[in-house]
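The opening residue of the sequence shown carries number 7 in my numbering; numbering runs sequentially from there. Here is the structure we will look at.
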Amino acid sequence: MNKENNQNFIVLVKYKTQPSKSEEAIEGLKKLIVEVKKEPHFVKIIMHVDPNDNSNILLYEEWNDENYYNGDHMGTSHLQNFMQNSRAFLAGPPEISQWKIEQEF
Numbered sequence: 007m008n009k010e011n012n013q014n015f016i017v018l019v020k021y022k023t024q025p026s027k028s029e030e031a032i033e034g035l036k037k038l039i040v041e042v043k044k045e046p047h048f049v050k051i052i053m054h055v056d057p058n059d060n061s062n063i064l065l066y067e068e069w070n071d072e073n074y075y076n077g078d079h080m081g082t083s084h085l086q087n088f089m090q091n092s093r094a095f096l097a098g099p100p101e102i103s104q105w106k107i108e109q110e111f
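What follows is the structure, given as structure tokens:
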């Protein structure tokens, strides 16, 4: 079953790594995403890296339940652990914005 539809919502998560820590950050995010993919209401995540500055990492996340994302997802042990452990390689907390899908072309 394809979980993608216009009722889903999008989350953009922008990370800035500490100098020379981008590979460590990418590995940490990959481990986190393995666990996030097991969650209910998860649709997909696409990781992007700035080709001109690999300390800038963007996650494009798609979920099918906004209440779950803002509630239960934020309290998961794997996300809480990442938030603690990522202090070793991230420059600070991420910038997070949420979007609704208006139309796909």
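For every residue, glycine included, the Cβ atom is placed at its ideal position computed from N, Cα and C.
Through-space distance from residue j to residue i, alpha-carbon basis
i      : j      : result
Lys6   : Ser103 : As displayed, the chain neither begins before 7 nor continues past 111, which places residue 6 out of reach and without an answer.
Lys43  : Ser61  : 24 angstroms
Asn12  : Phe111 : 11 angstroms
Leu18  : Lys37  : 18 angstroms
Asn58  : Tyr21  : 15 angstroms
Glu67  : Gln24  : 23 angstroms
His84  : Glu101 : 19 angstroms
Trp105 : Ile16  : 5 angstroms
Asn14  : Ile39  : 18 angstroms
Secondary structure of residue i, DSSP reduced to three states
i      : result
Phe95  : coil
Ile102 : strand
Lys22  : strand
Met7   : Bear in mind that the predicted position of Met7 carries a pLDDT of just 44, short of 50, making it too unreliable to give a figure here.
Beta bridge counterpart(s) of residue i as assigned by DSSP
i     : result
Met53 : Leu65
Phe48 : Trp69
Val42 : DSSP, once it has assigned bridges, lists no residue as partnering Val42.
Phe15 : Trp69 and Lys106
Close Cβ partners of residue i (< 8 angstroms) along its chain, the five nearest in sequence each way excluded
i     : result
Glu33 : none
Contacts around residue i, its chain only, beta-carbon distance under 6 angstroms, and the 5 residues preceding and following it disregarded
i     : result
Asp71 : His47
His54 : Leu64
Met7  : Note that Met7 scores 44 on pLDDT, short of 50, meaning its location in the model is unreliable; the coordinates nonetheless yield the value given after this. Cβ within range, chain order: n/a, list empty.
Close Cβ partners of residue i (< 7 angstroms) along its chain, the five nearest in sequence each way excluded
i     : result
Phe95 : Thr23, Gln24, Lys27, Glu30, Ala31 and Gly34
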